[in-house]
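For the sequence shown, the working numbering gives the first residue as 11, with consecutive numbering after it.
Everything below concerns the one structure shown next.
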Amino acid sequence: MLKTILFDLDGTLLPMDLNRFLTSYFDRLTKSCSHIVDPKVLHKNIWASTEAMIRDNRPHKTNQEVFMEDFIPRFNLPADELMPLFDNFYNGEFRELICCTTPTPLSRQICLQLVDKGYQLVLATNPIFPDVATAHRMRWAGIDDIPWALVTTYEHCHFCKPNPNYYKEILEKVGAKPEETLMVGNDTKEDLVAGKLGIKTYLVTDNLIDHGNPDYDADFEGRLEDFMEFVRKLPKVTR
11 MLKTILFDLD
21 GTLLPMDLNR
31 FLTSYFDRLT
41 KSCSHIVDPK
51 VLHKNIWAST
61 EAMIRDNRPH
71 KTNQEVFMED
81 FIPRFNLPAD
91 ELMPLFDNFY
101 NGEFRELICC
111 TTPTPLSRQI
121 CLQLVDKGYQ
131 LVLATNPIFP
141 DVATAHRMRW
151 AGIDDIPWAL
161 VTTYEHCHFC
171 KPNPNYYKEI
181 LEKVGAKPEE
191 TLMVGNDTKE
201 DLVAGKLGIK
211 TYLVTDNLID
221 HGNPDYDADF
231 EGRLEDFMEF
241 VRKLPKVTR
């Protein structure tokens with residue numbers, strides 16, 4: 011019996027065209043720092059350090075620590091001069107990126123119904139963004155006040171998708187068994203890889219990201235409105 015539901019955010023509970031979102035994100039972020047860093051250089055270095063963070067598999071290093079160790083040496087600027095620019099961006103202009111998303115009331119309705127039935131919920135968004143950026147996106151999706159057992163961000167996680175250790179760490183943190191857990195997401199690689207641990211998977215197809223990878227098969231799939239019907243049919247959790 012399922013007891014824990016993991017949700018991806020971008021493209022799943024927060025519908026969006028990810029390419030459009032990332033293009034606008036990098037355009038706005040690099041321009042906001044252009045007075046001290048060349049936008050093209052900043053863009054290139056953010057991607058390189060993000061890739062380093064995704065590849066890293068050290069359990070004693072948070073994603074934030076890995077990113078910073080790779081990112082800061084790429085510049086002739088001290089961290090205390092460079093990073094406040096990012097803080098200012100996330101606390102200000104990042105909010106305008108809601109224009110690149112199409113929030114739906116279905117997301118909140120789904121979460122509330124699951125909470126009412128006694129399911130433990132985890133927001134399993136790829137932890138490559140800081141707390142503040144994740145909090146904004148949760149508000150856009152209308153799910154910021156849901157009683158999440160865990161929200162994964164780069165300050166607190168040690169792995170990224172599609173590393174199976176990312177899902178293993180979630181299970182350990184919330185005390186969930188893989189056979190009693192469902193991962194809901196729109197990415198055929200990053201989300202369906204959870205199946206390697208024995209976690210059931212539901213592929214949301216509204217904003218599908220298909221890597222053409224036959225190694226991961228979804229146990230269930232459909233649009234977000236189909237998942238709502240799936241939730242309606244789930245039994246209440248018995249502890």
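In this text, a Cβ means the ideal position worked out from N, Cα and C, and glycines have one as well.
Here the structure is a predicted model, which means the values were calculated and not measured.
- Residue pairing by DSSP places TYR212 opposite VAL194 and PHE230 in a beta bridge.
- For GLN130, the beta-bridge partners assigned by DSSP are THR14.
- The Cβ atoms of LEU160 and VAL184 sit closer than 9 Å to each other.
- Burial state of ASP27 is exposed, judged by a 10 Å Cβ sphere holding fewer than 16 other Cβ atoms.
- Rounded to the nearest angstrom, the gap between the Cα atoms of VAL125 and GLY205 is 23 Å.
- Separation of THR163 and LEU133 (C-alpha to C-alpha, rounded to the nearest whole angstrom) is 10 Å.
- Residue pairing by DSSP places THR111 opposite MET26 in a beta bridge.
- One alpha carbon belongs to GLU190, the other to ASN86, and they sit about 49 Å apart.
- For LEU95, the enclosing alpha helix (DSSP H) has its first and last residue at 89-101.
- Secondary structure in the segment 142-174: no beta strand (DSSP E) run of 3 residues or longer lies completely within the stretch.
- Residue burial is scored here from C-beta neighbours: MET11 has fewer than 16 other C-beta atoms within 10 angstroms and is therefore classed as exposed.
- Residues of the same chain with a CB within less than 6 Å of the CB of THR112, apart from the 5 flanking positions on each side, are PRO25 in chain order.
- Here LEU122 is not near LEU16, since their CB atoms are 9 Å or more apart.
- Distance from the Cα of LEU92 is smallest, within the candidate group GLY102, ASN101 and PHE81, for PHE81.
- Linking ALA89 to PHE96 through their CA atoms gives a straight-line distance of about 11 Å.
- Exclusion of the five residues before and after ALA62 leaves ASP80 as the residues of its chain whose Cβ lies within less than 6 Å of its Cβ.
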